[in-house]
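Residue 100 in full-length UniProt numbering sits at position 100 of the sequence shown, and the numbers go up by one each step.
For each residue, glycine too, the CB sits at the ideal point set by N, CA and C.
Just so we're clear, the structure is a prediction, and the values are computed from it rather than from any experiment.
Accompanying notes for the structure given below.
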Amino acid sequence: MTDTQTQPRGEMLLRTLAMPADTNPNGDIFGGWIMSQMDIGGGILAKETAQGRIVTVAVDSIKFILPVQVGDVVCCYGELIRVGTTSITIRLEVWINPVLRENPGSPERFKVTEATFTYVAVDDNGHKRPVRPDR
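And the structure:
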């Protein structure tokens, strides 16, 4: 699978390094780890947008495009696509810079995963609340 997109959409929300402890039995980075990084990055944007506590309620159409390897720099990008009364929908993409592969230091990067996450703003008791408390 390939993607013709050459630049990430949205702002960088998270940057980390894929480590050996994050691999699956095939030696690639476990998809669940990538998904958790997306949830952390999306959660940061959702929390800032909601001005408070949020919870993840849905992950739609996650697509794993390319495998991630140990040593890849993993970057999560996101953009708001909808802000509702209590919910926030964010398009997330994960891109890698394969710094330890064939061309170390190359500016080349690749989109490896994309998904849409939905978060809901909640109060201290875990009940839905308006996304923007001042409204």
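Quick one: Cα of residue i to Cα of residue j, how far?
{"i": "residue 20", "j": "residue 8", "result": "26 Å"}
{"i": "residue 155", "j": "residue 25", "result": "Here the chain comprises residues numbered 1 to 135, so residue 155 is not present and cannot be evaluated."}
{"i": "residue 16", "j": "residue 73", "result": "6 Å"}
{"i": "residue 71", "j": "residue 27", "result": "12 Å"}
{"i": "residue 89", "j": "residue 13", "result": "15 Å"}
{"i": "residue 68", "j": "residue 32", "result": "12 Å"}
{"i": "residue 99", "j": "residue 66", "result": "16 Å"}
{"i": "residue 18", "j": "residue 34", "result": "9 Å"}
{"i": "residue 49", "j": "residue 4", "result": "30 Å"}
{"i": "residue 83", "j": "residue 124", "result": "21 Å"}
Since residue i and residue j are thought to touch, with beta carbons under 8 Å apart, how far apart are those beta carbons, to the nearest angstrom?
{"i": "residue 76", "j": "residue 92", "result": "6 Å"}
{"i": "residue 39", "j": "residue 30", "result": "Wrong, their Cβ atoms sit about 14 Å apart, outside the cutoff."}
Please work out which residues of its chain come closer than 8 Å, Cβ to Cβ, to residue i, disregarding the five sequence neighbours upstream and downstream, and give them in chain order.
{"i": "residue 85", "result": "130 and 131"}
{"i": "residue 87", "result": "57, 118, 119, 120, 121 and 131"}
{"i": "residue 128", "result": "86, 120, 121 and 122"}
{"i": "residue 37", "result": "14, 16, 74, 76 and 94"}
Enumerate in chain order the residues of its own chain whose CB-to-CB distance from residue i is below 6 Å, with the five nearest sequence positions on each side excluded.
{"i": "residue 95", "result": "8, 75, 109 and 111"}
{"i": "residue 47", "result": "54"}
{"i": "residue 6", "result": "none"}
{"i": "residue 10", "result": "77, 78 and 79"}
{"i": "residue 97", "result": "73 and 109"}
{"i": "residue 81", "result": "89 and 91"}
Here's a check: name, in chain order, each residue in its chain whose Cβ is nearer than 7 Å to the Cβ of residue i, leaving out the five neighbours to either side.
{"i": "residue 41", "result": "13, 14, 76, 78 and 92"}
Within 8 Å, do at least three Cβ pairs link the segment 62-76 to the segment 107-123?
yes
For the segment 53-95, which segments carrying the beta strand (DSSP E) assignment without a break, of at least 3 residues, lie completely within its bounds, in sequence order?
54-64 and 73-83
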